[in-house]
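Sequential numbering of the sequence shown, starting at 10, is according to the working numbering.
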Amino acid sequence: MQRGAGLYAEHCATCHGAQLEGQPDWQVADESGVLPAPPHDASGHTWHHDDAMLTDYIRRGGQAVLDDMGVPMTSGMPGFGEILTDGDIAAILAFIKSTWPDRIRAIQAERNGG
């Protein structure tokens with residue numbers, strides 16, 4: 010978990026918060042139509058998605074994934090595929106999940122087929 014926590018602190022916390030709290034008013038788009046970075050704690054929606062989607066989102070960036078899904082939304086999330094390995098991404102996701110209550114972890118695990 011330490012590896013994931015360190016990677017999160019280095020690459021994610023600037024936008025998503027040191028305590029996974031996200032940016033204020035994360036559900037309200039700014040004047041350019043971009044939603045602020047959401048929380049990764051249980052109050053956010055990270056756990057609503059399976060690991061494959063989350064990995065792709067981190068790897069390619071939000072806009073590429075949203076466009077592929079046909080979601081008419083503007084994401085400010087950059088891609089980290091040139092910086093983070095799939096193992097790094099898995100470690101970050103494991104760290105994030107470790108902070109969720111058991112019930113939330115179970116729901117998200119079902120989205121992964123297990």
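Quick reminder that beta carbons are idealized off the backbone N, C-alpha and C, glycines included.
Does DSSP put VAL37 in a helix, in a strand, or in coil? Position 28 of the sequence shown, counting from 1, holds the residue named residue 37. Coil, per DSSP.
Going by DSSP in three states, VAL80 sits in which element: helix, strand or coil? Sequence index remark: in the sequence shown, residue 80 carries index 71 (1-based). In this structure, VAL80 counts as coil in the three-state DSSP scheme.
Are ARG120 and ASP59 closer than 8 Å when you measure CB to CB? The count along the sequence shown starts at 1 and reaches residue 120 at position 111. The count along the sequence shown starts at 1 and reaches residue 59 at position 50. Going by C-beta atoms, ARG120 is nearer than 8 Å to ASP59.
Anyone know if the C-beta pair for ALA115 and GLY13 falls short of 8 Å? Within the sequence shown, numbered from 1, the residue matching residue 115 stands at position 106. Within the sequence shown, numbered from 1, the residue matching residue 13 stands at position 4. It is not a contact, given that the beta carbons lie outside the stated cut-off.
Are the stretch 41-48 and the stretch 68-88 in contact at 8 Å, needing three or more beta carbon pairs? yes
Looking at the secondary structure, which residues open and close the alpha helix (DSSP H) in which GLU19 lies? Taking the sequence shown and counting its residues from 1, the one referred to as residue 19 is at position 10. Here the alpha helix (DSSP H) through GLU19 covers 11-20.
Going by C-alpha distance, which of VAL80, HIS54, ILE101 and CYS21 is nearest MET10? Here residue 10 refers to the residue found at position 1 when the sequence shown is read from its first residue. Comparing Cα-Cα distances from MET10 to each of VAL80, HIS54, ILE101 and CYS21, the minimum goes to ILE101.
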